[in-house]
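In what follows, a structure is listed as structure tokens, so that the remarks can point back to it.
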Amino acid sequence: MVGKFFLTTAIDYPNSRPHIGTAFEKLGADVQARYRRMEGNDVFFLMGNDENTVKVSKRAAELGLDTKVYCDDMARQFREVWDALDISYDVFIQTSSDRHKECCRKFIQKVYDNGHIYKGKHDGWYCNGCEEFKSDKIHGENAGNCPVHKNPLIRRSEPCYFFKLSAFQDRLIAYYESNPDFIQPESRRNEIISLIQTEGLRDINISRQGEEWGMRIPFDPEFTIYVWFDALLTYITGIGYGDDEATFKKYWPADIHFIGKDITRFHTALWPAMLWAAGEEAPKMVFGHGFVYRRDDTTGETIKESKTLGNVTEPMDIIAKFSGEAFRYYFMRECPFPGDGEFSWRRFVDVFNSELANNLGNLLSRLITIPSKNYDRVLEGTGGKTPEAVVANLDQKAFVNKVRGHVENCEYNQALQAIIQDFLTPANQYLETNAPWKLVKTDKEAAKNVLFNAIQSLRIASILLFPRIS
Ligand SMILES: [Zn+2]
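Following the working numbering, the numbering of the sequence shown begins with 1 at its first residue and continues without gaps.
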């Protein structure tokens, strides 16, 4: 064993089914989990749904369902999609579970006992869609409206509990400075640091009043806990915080939290501060991945998928039409994980045909068919050369290290680019040039050598592709 590796994805609001952007995040995390397992790490991969939110109880009410019944059914539907994509998670947390709530209450009590929570009054502009108070600085085009939802903000005033986030500002800045990998990719790191330095951190209201659904605050059950304060805790309750100290100590701190770039601030400021307030360590890395936009094949228009806006592409529609594997390949190949990418049905078909079917598929099929027909599937003892014979000027070790570096940096598209263009394409060309299907008729031994060399390349490519980048 190399060591432990604990990684998580964001947990999702189950007010509607997952869209392709949600799936994109799970894929990127899954490739990393599979790669780290291959490296010999003891990997723990956590996912889940964020259920203790007003959005979810509203949606259940619209459908005339009990909220918990609704949440359980949505969790089943989410997991169905994750299973169809072969996401290798170890645990799936539902925040409405009794165990999660129990462990959260212990954490919140501890933060309170440590003096980091105080009672006060919150007065501000609130968005029901975001479930948060917005800063009063919304001017110009969006004046009075939520910048995300575009709906009018409502004035809300209520007694509440504050978390002393402002007290952690200096420690956060120092942590960012001494842990340059903490916020990834680099561009998000700079954004967050400059945001905190210019705007500063204010104490945050962590309670809500008058909500039926949600988690009661242990020291004042009139209040429920603000959804973020409970959702973030999934990352520790999921590995035993609160009732399984040994497992928690084994896996914490998290090696990577994968999240959408829009929630970087919660994860890189609020979350470490919460942990410190309870006497725990901050995570090692927060990786804010890019978004997937949909390109309309007819109009060419680019659209951001949003559950709130109701314009989502269902992963299951793509999986049913192609396959889970094709889905994985497209998004990892076509959309750079740290940046933004695009999905269009037309492009999906192109990539599927040109790279999966014609390049990898064709190579595999030739290398199975010819040896089966002519050599009873046995090519050993041919004295075949290394892949250097197939790919001109290849330094195999350097090539493998390059691919590994890309995977470790979550540059999955670049890893695939290298495997396809620098490795599989030359292997296909080598077969074309040497045409073992013809050669076998005149020189069976020479054809065998060609096949052996090509199969070596395919073997190495298979190992590199094993974390299911494809
Ligand atoms: Zn909003």
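We put the beta carbon where it would ideally sit given N, CA and C, even for glycine.
DSSP has I183 in a bridge; who is on the other side? In the DSSP output, where bridge partners are listed per residue, I183 has V286.
For S354, is the classification buried or exposed, using 16 other Cβ atoms within 10 angstroms of its Cβ as the cut-off for buried? Burial call: exposed.
Limits of the beta strand (DSSP E) - the one that N49 falls within: That run of the beta strand (DSSP E) goes D42 to N49.
The alpha helix (DSSP H) with F24 in it runs from where to where? Element bounds for F24: I20 to M38.
To the nearest angstrom, report how far apart R454 and V403 are at their CA atoms. Here residue 454 is Ala; the residue named in the question, Arg, does not match the sequence. Whole-angstrom Cα-Cα distance: 20 Å.
With 16 other CB atoms within 10 Å as the buried threshold, where does I217 fall? Using a 10 angstroms sphere on the CB of I217, the tally of other CB atoms reaches 16 or more, which defines it as buried.
Got a sec? Which residues, its chain only, sit under 6 Å from N434 by beta carbon, not counting five neighbours each side? Listed in chain order, the non-local C-beta contacts of N434 below 6 Å within the same chain comprise V450, local neighbours out to five positions each way being set aside.
Nonlocal neighbours in the same chain, by C-beta distance under 8 Å from L364, ignoring five residues either side: Excluding positions up to five away in sequence, the list reads L458.
Using only the heavy atoms of ligand 1, determine whether one of them is closer than 7 Å to the beta carbon of H149. When distances are taken from the beta-carbon of H149 to the heavy atoms of ligand 1, the shortest one is below 7 Å.
Can you look up T486 in the DSSP assignment and give me helix, strand or coil? The structure shown does not extend to residue 486, since the chain is modelled only from 1 to 470, so the question has no answer here.
Under a Cβ-count criterion, where at least 16 other Cβ atoms within 10 Å of its own Cβ denotes burial, should Q209 be classed as buried or exposed? The residue is exposed, with fewer than 16 neighbouring Cβ atoms inside 10 Å.
How about F44 and D90: are their beta carbons less than 8 Å apart? Here F44 is near D90, since their CB atoms are less than 8 Å apart.
Helix, strand or coil: which one does DSSP assign to C127? Correct three-state label for C127: strand.
Could you tell me which of N205, V390 and F219 sits nearest to V227, measuring between CA atoms? In terms of CA proximity to V227, N205 leads the group N205, V390 and F219.
When E325, F223, H257 and E222 are compared against I236, the one with the closest alpha-carbon: Ranking the options by Cα distance to I236, first place goes to H257.
With burial defined as no fewer than 16 other Cβ atoms inside 10 Å of the residue's Cβ, what is the status of Q429: buried or exposed? Answer is exposed; the Cβ neighbour count stays below 16.
So what does DSSP say about C103, is it helix, strand or coil? In the displayed model, C103 falls within a helix according to three-state DSSP.
Regarding G144 and ligand 3, is the C-beta to nearest heavy atom distance less than 7 Å? Because ligand 3 does not appear in the structure shown, any question about it cannot be addressed here, the ligands present being ligand 1.
Mind checking whether the beta-carbon of C130 lies closer than 7 Å to any heavy atom of ligand 1? Between ligand 1 and C130, a heavy atom-to-CB distance of less than 7 Å is present.
Does the count of Cβ pairs from the segment 327 to 340 and the segment 406 to 420 closer than 8 Å reach three? Taking 8 Å as the limit for Cβ pairs, the verdict is that the segment 406 to 420 does touch the segment 327 to 340.
Provide the residue(s) that pair with F163 in DSSP beta bridges, ordered along the chain. Looking at the DSSP assignment, F163 forms a beta bridge with I117 and I204.
List the endpoints of the continuous alpha helix (DSSP H) containing Q94. For Q94, there is no enclosing alpha helix (DSSP H); the enclosing beta strand (DSSP E) has its first and last residue at V91 to Q94.
What residue does the beta strand (DSSP E) around V292 start on, and which one ends it? Taken as a continuous stretch (DSSP letters only), the beta strand (DSSP E) holding V292 covers V292 to R295.
Alpha carbon to alpha carbon, what distance is there between W345 and E158? CA-CA distance, E158 to W345, rounds to 48 Å.
Could you check the C-alpha separation between M74 and E212 for me, to the nearest Å? Roughly 20 Å separates the two Cα atoms.
Contact check, S207 vs C146 under 8 Å by CB: the rounded distance? That pair is no contact at about 21 Å.
Suppose you measure from the CA of W271 to the CA of G40; what does that come to, to the nearest Å? Each residue's alpha carbon lies about 29 Å from the other.
With a threshold of 7 Å on Cβ separation, who are the neighbours of Y35 within its own chain once the five nearest residues in sequence on each side are excluded? The beta carbon of Y35 sits closer than 7 Å to those of V407 and P467, all from its chain and outside the five residues before and after it, given in chain order.
According to DSSP, which residues form a beta bridge with T224? Beta-bridge partners assigned by DSSP to T224: R208 and R216.
Can you round the beta-carbon distance between C103 and Y241 to whole angstroms, since I take them to be within the 8 Å contact cut? Right, the Cβ-Cβ distance comes to about 6 Å (below 8 Å), so this counts as a contact.
Under 8 Å, with one C-beta from each stretch per pair, do the segment 318 to 329 and the segment 370 to 379 reach the 3-pair mark? Touching, no.
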